[in-house]
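>
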Amino acid sequence: MKTLHAVTSCLSDYDPDAMPLSVAQAVIRKLATPVAAVEKVALRAALGRVLAQDLIAPLNVPGADNSAMDGYAFDGAVLSDSTPPNGTPLLLNVVGTSFAGQAYAGVVAAGACIRIMTGALIPAACDTVIAQEHVEVAGTAAQPQICFKPERIAPGANIRRAGEDLAAGSVALNQGRVVQASDLGLLASLGYAEVPVRRRLRVAFFSTGDELRSIGQTLEPGCVYDSNRYTMYGMLHRLGVEIIDLGIVPDQAAELEATLRTAAACADAVITSGGVSVGDADYTRDLMARLGEAVFWKVAMRPGRPFAFGRLALDGGPGALFFGLPGNPVAVMVSFYQLVREALLSMAGATARPTPLIRACASIALRKQPGRTEFLRAIAQRNTDGNWHVAPTGAQGSGVLSSMSQANCFIVLAHAQSDVALGDTVDVMLFDGLI
Ligand code: AMP
Ligand code: MG
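Letter by letter, the sequence shown follows residues 652 to 1086 of the numbering used here.
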């Protein structure tokens, strides 16, 4: 296992007092290794879980050539062999019907066709389907016929080929995939009743601060309800991890140490809020030195500057990664999304996918100091001109959670960026899909 020191000492631009966000993310990425244990779960229970192995298609989907529409199937050779003079329609006898799940059992001779429904098997002698809306029904009740212009259809049209969705033996889904609704359907189409997934990541968290009270307790002057534990619950729940809520811990070394020990003994990752700002950090630092190792960064981002990262390694156990988030409610969320979320997904075994950014036009000018990444709570919308426009919403203080609730995105102003003029294009990280 790599030590933190080994990782940070390789970085040429390592400055714990002004850590570029991208460098902090890179260090964390190096230490986030996936849990090894695998379990088999019933197909529905795999929703949101991480696949532990590549899943191979045991059969072709579709299993055989079948019709892509309701229409008529025939041998496409008739289109070229006996092309009638231009403008003359082709006439075929209808000799039977093939339904989905009830194939036509007879023979289709040259010059004949069958009525065929979507999903019905294509008889051996046929290779082309014409949609019913492209034919005229002719003939008699005893001998129905269809009539159509041959130039309306190409040989081989409107057939779903065996294996064109998934070929037997091919990889249907890769390990590391977080199973989605479409994947459940795909696995069902292959007959998978059970799926191997990684065991759920266990994440413990607690809030620190003498001023914090739980809902239901009396709020003495100067005290606040602990909101971070609820925000954290919401963010972790969305990731599908097992959540271990260890409550509120006062700013007191002995209690902090006991809670960190409990957390490290039962979790793969431990998240705290508060206690990493200037001054506070000192005793967290002493504690971490005793319980494992940690680095304390002032990450060059806003909100969310103070941040601690490390490993709790107790009694030769596997240990847990430690993320010490700042206390301010919005800083908690921004640090979680930028520095913790990806690590937890990697630890859960999920293949990392960069968070999508869109480009939007700034509806107002924005002040920005180069040298830190800034995240502004904002509302982005697509205007009638078809372009995305974005403007910050509400007060941007790192304790103002209401503007986080109003927002539908972050405006992301990159490390080196300076002021943004009205109408400039900026990066936007939409909340949909992220939270
Ligand atoms: P700290 O980082 O501990 O100095 O906290 C910074 C600010 O965030 C202070 O105003 C705290 O009262 C507030 N704060 C810290 N933890 C929480 C919490 N769990 N819920 C709500 N506010 C908090
Ligand atoms: Mg505090």
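Even for Gly, the Cβ is constructed at its ideal location relative to N, Cα and C.
On a predicted model such as this, the values are computed, not experimentally measured, just so you know.
Would you mind working out which of 812, 1080, 659 sits nearest residue 985, comparing C-alpha positions?
1080
> Name the DSSP beta bridge partners of residue 741, please?
799
> Near residue 786, what residues of its chain come up, given a Cβ to Cβ distance below 8 angstroms and the 5 sequence neighbours on each side ignored?
722, 723, 797, 798, 799
> State the Cα-Cα distance for the pair residue 838 and residue 775, rounded to the nearest angstrom.
29 angstroms
> Excluding the 5 residues flanking residue 829 on each side, which residues of the same chain have their C-beta closer than 7 angstroms to its C-beta?
Cβ-Cβ distances below 7 angstroms link residue 829 to 699, 701, 1001 in the same chain, with the five nearest sequence neighbours on each side left out; the list follows chain order.
> Do you know offhand how far residue 1027's Cα is from residue 893's?
30 angstroms
> Which residues have a Cβ closer than 5 angstroms to any heavy atom of ligand 2, listed in chain order?
860, 925, 978
> Starting from residue 994, trace the beta strand (DSSP E) both ways and give me its first and last residue.
No beta strand (DSSP E) holds residue 994; the alpha helix (DSSP H) holding it covers 992–998.
> Quick one: residues in its chain with C-beta nearer than 6 angstroms to the C-beta of residue 1061, no 5 flanking neighbours on either side, listed in chain order?
1026, 1080
> Looking at the structure shown, is residue 722 part of a helix, part of a strand, or coil, going by DSSP?
strand
> In terms of alpha-carbon separation, which member of 972, 951, 958 lies closest to residue 964?
972
> Excluding sequence positions up to five away, which residues of its chain have a Cβ less than 7 angstroms from the Cβ of residue 826?
In the same chain as residue 826, and ignoring 5 residues on each side of it, the C-beta atoms closer than 7 angstroms to its own belong to 702, 703, 704, 705, in chain order.
> Measure how close the beta-carbons of residue 1104 and residue 686 come, nearest whole angstrom, since I'm counting them as under 8 angstroms.
Outside the modelled stretch of the chain, which goes from 652 to 1086, sits residue 1104, for which no answer is possible.
> Using three-state DSSP, classify residue 768 as helix, strand or coil.
In this structure, residue 768 counts as coil in the three-state DSSP scheme.
> Going by CA-CA distance only, name the one from 858, 944, 883 that's closest to residue 903.
858
> Cβ of residue 995 within 7 angstroms of any heavy atom in ligand 1?
Look at residue 995: its beta carbon is at least 7 angstroms from all of the heavy atoms in ligand 1.
> In this structure, how does DSSP classify residue 833 when only helix, strand and coil are distinguished?
helix
> Can you tell me where the alpha helix (DSSP H) holding residue 656 begins and where it ends?
Secondary structure note for residue 656: its alpha helix (DSSP H) is the uninterrupted segment 655–660.
> Using only CA atoms, which one of 767, 1083, 790, 814 lies nearest to residue 779?
767
> Can you tell me which of the three DSSP states residue 1078 falls into?
strand
> Evaluate residue 755 with the Cβ neighbour count: other Cβ atoms within 10 Å of its Cβ, from every protein chain shown; 16 or more gives buried, anything less gives exposed.
buried
> With distances taken between CB atoms, is the gap from residue 804 to residue 781 smaller than 8 angstroms?
Yes, the Cβ-Cβ distance between residue 804 and residue 781 is below 8 angstroms.
> Should residue 777 be labelled buried (16 or more other beta-carbon atoms within 10 Å of its own) or exposed?
buried
> Where in the stretch 975–1034 do unbroken runs of the alpha helix (DSSP H), each at least 4 residues long, occur, reported from the N-terminal end onward?
980–986, 992–998
> Are the CB atoms of residue 1044 and residue 672 nearer to each other than 8 angstroms?
no
> Should residue 679 go down as buried or exposed, given a rule of 16 or more other Cβ atoms within 10 Å for buried?
buried
> CB-CB under 8 angstroms to residue 744, same chain, minus the five flanking residues each way: which ones, in chain order?
Taken in chain order, the residues that qualify are 762, 763, 764, 790, 794, 795, 796.
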